[in-house]
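Take the position in the sequence shown, starting the count at 1, then add 3; the result is the number in the numbering used here. Don't be surprised by glycine CBs; every beta carbon is placed ideally from N, CA and C. For clarity, every value in this text was computed on a predicted model and none was experimentally measured. Report on the structure given below.
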Amino acid sequence: MVTPSTSKVEHGRRALIVMSCAALVAAGGLAFAPTEWPGWLLMFFSIVCVVLTPTVRDSRAILMSTVAVVAAHHVVSLVNAFALPLPGAQLDALTFHAGAMKRSFSGEPIDFGVGTHAYQYVLVQLYNLFGGSLFLGQELSVLAATVTCVVFASLLRRMHVGQTACAVLVLALGLTPSFLFYTSVTMREGLQLLFFVIGCALFYHALRSRRMWVLVSGWLMFVVMGLFHQMLLAYAFFAIAVTGSVYFCTRLGARNLVRNAAFIGVGLGLLLWFAWYWIPVYQGNDYTRIVHGGLPESIVRYRDGIMGADPRSGYGFDVVAAPLWKLTWTLARSYAHYMFGPYAFSVSSPLDLIAVAESLLRLAGLVAMLYALSVAQGTTRLMLIGLTTLYIGMTLLWSIGTTNYGQALRHHSVSNWILFVGAGVAWTMFRQGRESSSSFR
């Protein structure tokens with residue numbers, strides 16, 4: 004018979020073993036590259052974050068799967084820093100790192116601004132404190148990915164997903180190529196994902212607890228996420244509208260729908276005014292210039308700028324600004340390619356197989372989400388409605404400016420996790436349905 008005290012001892016022993024292994028790895032790293040001690044410290048701290056979280060620590064399956072995901076991220080970081088660049092570690096990742104290194108060593112001041120400058124600002128401050136290092140910058144991303152996995156696992160357990168299913172989903176999400184390769188490098192996707200997941204987790208907690216301050220805390224996380232990309236800042240207000248609508252309509256009832264809509268509308272208007280005029284955006288990227296000449300022309304101009312680099316995995320067609328029906332049709336094609344491309348018949352490189360596998364996984368996740376929406380009830384169903392709306396909004400937003408499959412894979416790293424939540428709920432509901440059916444046989 005297992006008593007509570009026995010369980011606590013077992014959990015403590017398990018945590019001690021994991022932390023001891025992490026300490027040995029970090030110590031070996033210090034012997035190998037002593038000047039990289041801040042990176043090794045972040046590596047050890049990421050494991051500490053895992054074992055100090057009761058939801059993860061108290062389940063052997065969840066703990067092992069989370070540690071496996073974190074270890075894989077560290078391996079990617081180590082290979083990128085000390086051996087050769089893996090997919091995702093070139094171009095933008097090196098640009099962010101090189102820019103931050105230059106400013107850190109030269110002492111050139113950097114102003115905070117929405118978008119790429121926000122992430123570079125974070126890197127510069129980190130490099131100023133501990134010295135410039137690619138390994139250190141990547142380990143910051145790995146730490147963000149670690150916290151993301153912990154919050155993701157905690158959310159699944161709060162939504163009554165079983166331990167085994169939760170462990171499988173953490174492992175599956177953490178090892179998807181988009182998550183593994185793009186949240187282990189010096190790029191902003193890891194931080195965007197972190198604050199997005201935290202914001203959604205707080206939204207679920209607000210639905211359960213009916214505490215307004217929890218919901219507002221989630222909104223703040225959405226805004227912080229948006230600071231790392233101009234379009235995500237606009238999306239943050241969409242996320243606030245969606246979560247606020249679900250929360251208030253649930254709490255106050257449909258009879259107060261007009262009052263709820265008015266309250267949310269006024270609040271969003273004030274937030275948009277504040278963001279437009281008071282949140283600093285780096286030179287040339289302010290919202291007035293982004294939409295200069297009309298939104299359709301801005302979309303085409305942005306996409307043409309990316310396609311000018313002639314990416315190998317381009318979609319193979321252009322978006323047309325006018326007439327309106329052609330713009331709508333070409334953007335719809337772009338969304339289809341963003342969600343489900345590349346197709347099996349268009350594979351031209353072994354790397355394309357990674358994107359094909361993810362697109363098939365995404366299709367399965369969408370089917371699972373639809374099933375979960377049809378069978379879930381209560382707060383879980385409300386959460387899934389909110390998450391599905393947020394997923395559609397984010398994928399639509401990213402697809403507008405995405406012109407190739409590599410870029411699509413990178414953007415999917417911020418939203419794929421929502422489908423895994425749907426898969427977890429779907430599996431739980433399916434198992435409960437089978438057990439209920441068998442009891443009446």
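Quick one: what does DSSP say residue i is sitting in, helix, strand or coil?
i	result
V117	strand
H232	coil
S418	coil
Q93	coil
E192	helix
H163	coil
T246	helix
S136	coil
R16	helix
P180	helix
G110	coil
R214	coil
S187	coil
R444	For R444, the pLDDT reaches just 38, beneath the cut-off of 50, and the residue's location in the model is therefore unreliable, although a value from the coordinates is still provided. Of the three classes helix, strand and coil, the one that applies to R444 here is coil, per DSSP.
N288	At N288, the pLDDT of 49 sits below 50, so the modelled position is not reliable; the number obtained from the coordinates is stated separately. N288 falls in the coil class under three-state DSSP.
Suppose the cutoff is 8 angstroms on Cβ atoms and the five residues either side in sequence are ignored; what does the same chain contact list for residue i look like?
i	result
A429	A371, M372, Y374, A375 and V378
A121	F115, R191, L230 and F231
M432	Y374, A375, V378 and A379
D355	S316, P345, S349 and Y408
M224	F198, F199, I201, G202 and L205
F133	P41 and L139
If you drop the 5 nearest sequence neighbours on each side, which residues of the same chain put their C-beta closer than 6 angstroms to that of residue i?
i	result
L412	S181 and A358
F206	G221 and T246
A147	G193, L194 and L197
S362	F343
Y124	I113 and F115
A29	W43, M46 and F47
In chain order, what residues of the same chain have a beta carbon less than 7 angstroms from the beta carbon of residue i, not counting five sequence neighbours either side?
i	result
T391	M372 and L376
F184	V79, L89, P90 and G91
H208	V217
A367	none
R211	T382
Y250	A209, L210 and L218
H163	T431
L235	Q195, M228 and G229
L27	none
A347	V359
L33	W40 and W43
Is residue i near the ligand ZN, in the sense that its beta carbon is under 6 angstroms from a heavy atom of that ligand?
i	result
T383	Of ligands this structure carries none, so the ligand ZN is not represented either.
When the cut-off is 7 angstroms and only beta carbons count, does residue i lie next to chain C?
i	result
I243	The chain labelled as chain C is not found in the depicted structure, where only one protein chain is given.
>> Pairs of beta-carbons, one from the region 37-46 and one from the region 141-149, closer than 8 angstroms: are there three or more?
In response: yes
> Can you list, in chain order, the stretches of the alpha helix (DSSP H) that have 4 or more residues and sit fully within the region 36-87?
Replying inline: 40-54, 57-60 and 63-85
> Touch check for the region 11-27 and the region 117-134: three-plus C-beta pairs under 8 angstroms?
Replying inline: no
> Below 8 angstroms, can you find three or more Cβ-Cβ pairs linking the region 157-168 to the region 194-211?
Replying inline: yes
> Which runs of the alpha helix (DSSP H) fall wholly inside the region 332-401 and span at least 4 residues, in chain order?
Replying inline: The qualifying runs are 353-378.
> With a cut-off of 8 angstroms, do at least 3 Cβ pairs link the region 169-180 to the region 95-110?
Replying inline: no
>> Between the region 65-74 and the region 49-56, can you find at least three pairs of beta-carbon atoms closer than 8 angstroms?
In response: yes
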